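So the structure is just underneath, and the comments pick up after that.
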Amino acid sequence: MEVDDDKDGIEETMLMNLEIVKVVREKSKRLGNLQAQLLSNIDEIKQEKSNYMDCRKQLILLRHEKKFHEEALIQIDNDLKQLQYFMACSDIEINKAKKRAIDILDEFNPLKDTVNNTRASIGLELIPDLKEIDILHS
27 MEVDDDKDGI EETMLMNLEI VKVVREKSKR LGNLQAQLLS NIDEIKQEKS NYMDCRKQLI
87 LLRHEKKFHE EALIQIDNDL KQLQYFMACS DIEINKAKKR AIDILDEFNP LKDTVNNTRA
147 SIGLELIPDL KEIDILHS
């Protein structure tokens, strides 16, 4: 009977070991699946971090570009104001020069008429009218 008992004990141990191997195999399979999922998630995290850093670099570059354009627009605005100032000053100077020219013309025309009358009386050629004075009327 001892042999049968030993045989039963060995079979029982083998069945227990077989159950343990089945459990270990299922858990190892599950562990492998979890490991694959974990590694996939880690790769996804790395890729997303890389995308994030690329976006961050692009954001920084765009902010610098925006600042550059804002500074350029400010400079253009300043240039426009300065140009408008110079144009206003030029307009004032044009008006002053026109007034001086008109004042001179007021003295010039009667004198020219007198000289032309005298020249005509002695048979000399008349002094021609100035064509340049047309600018005073524009």
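The opening residue of the sequence shown carries number 27 in the numbering used here; numbering runs sequentially from there. Yeah, the Cβ is synthetic: ideal placement off N, Cα and C, and Gly gets one too. On a predicted model such as this, the values are computed, not experimentally measured, just so you know.
Note down the Cα distance separating Met40 from Lys33, rounded to an integer number of angstroms. 10 Å
Out of curiosity, what's the CA-to-CA distance linking Arg126 and Lys107? 29 Å
Identify whether Ser66 lies in helix, strand or coil by the three-state DSSP scheme. helix
Three-state secondary structure assigned by DSSP to Ile153: coil
Alpha carbon to alpha carbon, how far is Gln84 from Gln73? Give it in angstroms, no decimals. 16 Å
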